[in-house]
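Colleague: Numbering (my numbering), first residue to last: 292 to 595. The beta carbon of each residue, even a glycine, is placed where N, CA and C say it ideally should be.
1. Around the C-beta of residue 647, are 16 or more other C-beta atoms found within 10 angstroms, so that it is buried, or is it exposed?
2. Please report the distance separating the alpha-carbon of residue 406 from that of residue 541.
3. Which residue marks the beginning of the beta strand (DSSP E) containing residue 498, and which one marks its end?
4. Helix, strand or coil: which one does DSSP assign to residue 371?
5. Going by DSSP, what residues sit across from residue 333 in a beta bridge?
6. Please state whether DSSP places residue 505 in a helix, a strand or coil.
7. Compute the Euclidean distance between the alpha carbons of residue 336 and residue 394, then round it to the nearest angstrom.
8. Considering just the uninterrupted stretch of the beta strand (DSSP E) at residue 532, what are its terminal residues?
9. Reducing DSSP to helix, strand and coil, say where residue 569 ends up.
10. Thinking C-beta only, is residue 411 closer than 7 Å to residue 396?
11. Verify the CB distance criterion: does residue 441 have a CB-CB separation below 7 Å to chain B?
12. Contact check, residue 426 vs residue 413 under 8 Å by CB: the rounded distance?
13. Which residues in the same chain have their Cβ closer than 8 Å to the Cβ of residue 378, if we skip the five residues on either side of it in sequence?
14. Taking all protein chains shown into account, do 16 or more other C-beta atoms lie within 10 angstroms of the C-beta of residue 363, making it buried, or fewer, making it exposed?
Structural data, given as structure tokens:
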């Protein structure tokens, strides 16, 4: 039995959030459903800007660019929840075979966020080598009511089990917003025999340890060196040989890195682990967002 939160009456009908138009998705992992669940393997590399540019050029000829990327990519902002003792952080650092974390994620310009803006409440977990993600799309006000207010929000019937699982985590473990991350992403998706493959390039990785409202005009700092890019290869079953050849040709080494853990350590919330990426604090100046008032939220966020 769940305790420590209030339930609200669930009306028979509710206004629908903006959805993708029929046929708009294109990629196998995209769906107009508000509730998403999928499994996959993830491999990460840390590369310099020049190598990232070369990889993007080669991969761009073999994969399709995510339709949200454009020339500038798109922003991703996430607020992570953890216990006072940083249980989820330590599960990652210790490499537990089963571990998870809870976050609220927004795609696009964070300054455009309003109470009605669609965001994702997501549980990301690791089971042995497989990454599993389950998430639901909610208006931002409902995401805050769920994760901070600890109240079951209005929902559609298929979403109830997931929302109650989120509430159980928040209430039983006394979770609270702990760290925030943001970065600019360029993404490419597979076609033909490579459907299910996704390669992402994350730059300007920054974060903060307070002022967790997405639209807060707060200061962020780089948590990964400015000249470095985190490259992630995500596959349903296997990574194609041509891609492993590209990484081997450049002698890229697989790394264990978590943007959440990097933010926790960069702000001194925990000692720096052996997985910490050094050098982000060589330039103490804040990394300021420059898209205020220009970019808009993505109405149909890409898969991550």
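Modeller: Reading from the atomic positions:
1. For the chain, the structure presents residues 292 to 595; residue 647 sits outside this window and is missing.
2. 45 Å
3. 489-499
4. strand
5. 525
6. coil
7. 23 Å
8. Element bounds for residue 532: not the beta strand (DSSP E) but the alpha helix (DSSP H), 532-540.
9. coil
10. yes
11. Here chain B cannot be found, since the structure has a single protein chain.
12. Confirmed, about 4 Å.
13. 464
14. exposed
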